[in-house]
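Chemist:
Numbering (the numbering used here), first residue to last: 30 to 422.
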């Protein structure tokens, strides 16, 4: 072997040794008695109800786990930071999580911000479990470090269109959407669902994120006289659109998706919320016959006695359940890769949320649920809509 070959062999050996983790190498965010999880969501600003409720739900479950000994003796600590539901704040918030040394992240809120967090998570190999968004970009193509729980916006819009079209015979469907990645994600789902019927939205209007500037979007759709209108946004602009529509005598069937923040929407819209159809990705929190819903209600009253149940906090609770399931399956010698592999091993798991919501992951599927529940606002409360023919139209 010549001197060049010997030097090359030594160099390759050094590189190989450097790539092997040391026996005692520290895993970020993991100590003998703690696992540190990070979150970025809307804790302030116009969409703060969504972020705060997500964190309340997640924290409720984690407190319950910690009260029962944690996971392999480790307590789970959640660091929650505010991004204001603004994508421009996302990178700095993610860097803050990294600076704090979190093991993994989760409980993010919103598509525009998720569009920033997902590539950051992939690039930095930080697992993210549970996002309050059903955008298709979370699932397609597969993201190795992103494990979402909820059904997608495609699932929600498909359910809406199939019932409007086949049950009610409503074929003229309009859409007023938030003009950003969230609005585009749901719009794509609506267009895909209508395409199966060789149709398209009869009118489309948009409004800017984090504003109530909805008149232009409203006026773009109304002249088309659709029988149903899907409104895509958080609670404040959705309520504003419906109130303005009703004030001028326009009463199509209004629908929205799970992101709206059902309870806050009902409060903001008041009487005008009546009859609004809202698809949900978790069961109603009144279904205490489901074990997980009963646990959620009990734990919420224990740790946050002043908080009222909500679909959003129940979803945060379920996301935390899935994260903990992964931590348990990953074993005591926890690593980020082991967490991903552990979650990929969860197949057809009963999560105590009724027969619709069975958790299914695999190495080629990082989307936990496919099914949804449909609700309608009646007497100021969301009720299960089991027969669309009961809707006035």
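Every residue gets a Cβ at the ideal spot worked out from N, C-alpha and C, and that includes glycine.
For residue 309, which residues in the same chain have their Cβ closer than 8 Å to its Cβ, ignoring the five residues on either side in sequence?
Modeler: 287, 291, 340, 401, 402, 403, 404 and 411
Chemist: Is the beta carbon of residue 231 less than 7 Å from the beta carbon of residue 263?
Modeler: no
Chemist: For residue 159, which of helix, strand or coil comes out of DSSP?
Modeler: strand
Chemist: By DSSP's criteria, residue 406 is part of a beta bridge. Which residues make up the other side?
Modeler: 411
Chemist: Cα-Cα, which of 186, 100 and 207 is closest to residue 139?
Modeler: 207
Chemist: Residue 366 and residue 392: beta carbons closer than 7 Å?
Modeler: no
Chemist: Residue 323: which of 380, 302 and 150 sits nearest, CA to CA?
Modeler: For the set 380, 302 and 150, the Cα lying nearest the Cα of residue 323 is the one of 380.
Chemist: In three-state terms, what does DSSP make of residue 180?
Modeler: coil
Chemist: Output the boundary residues of the beta strand (DSSP E) element that contains residue 136.
Modeler: 133 to 138
Chemist: Could you check which residue in 382, 250 and 265 has the C-alpha nearest to that of residue 314?
Modeler: 382
Chemist: Inspect the beta-carbon positions of residue 218 and residue 235 and report whether they are closer than 7 Å.
Modeler: Taking 7 Å as the Cβ cut-off, residue 218 and residue 235 do not qualify as a contacting pair.
Chemist: Tell me the rounded alpha-carbon separation between residue 356 and residue 258.
Modeler: 42 Å
Chemist: Helix, strand or coil for residue 40, going by three-state DSSP, please let me know.
Modeler: Model confidence at residue 40 stands at a pLDDT of 33, short of 50, so the residue's coordinates are unreliable; what they give is reported in the following sentence. Correct three-state label for residue 40: helix.
Chemist: Would you say residue 178 and residue 345 are within 7 Å of each other, going by their C-beta atoms?
Modeler: It is not a contact, given that the beta carbons lie outside the stated cut-off.
Chemist: Confirm, please, whether the CB-CB distance from residue 63 to residue 104 is below 7 Å.
Modeler: Contact flag set, yes.
Chemist: Would you give the residue range spanned by the beta strand (DSSP E) that residue 70 belongs to?
Modeler: Note, residue 70: beta strand (DSSP E), 63 to 70.
Chemist: Counting only runs that start and end within the segment 355 to 400, where is the alpha helix (DSSP H) found for 4 or more residues in a row?
Modeler: 365 to 373
Chemist: Could you tell me which residues DSSP pairs with residue 309 in its beta bridges?
Modeler: 402
Chemist: Between the Cα of residue 188 and the Cα atoms of 108, 220 and 350, which residue gives the shortest distance?
Modeler: Of 108, 220 and 350, the residue nearest in Cα terms is 220.
Chemist: Counting pairs of Cβ atoms below 8 Å between the segment 189 to 199 and the segment 221 to 229, do you hit three or more?
Modeler: yes
Chemist: In the DSSP output, what is residue 283 paired with across the bridge?
Modeler: For residue 283, which the question treats as bridged, DSSP gives the partners 258.
Chemist: With 16 as the cutoff for other CB atoms within 10 Å, does residue 395 come out buried or exposed?
Modeler: buried
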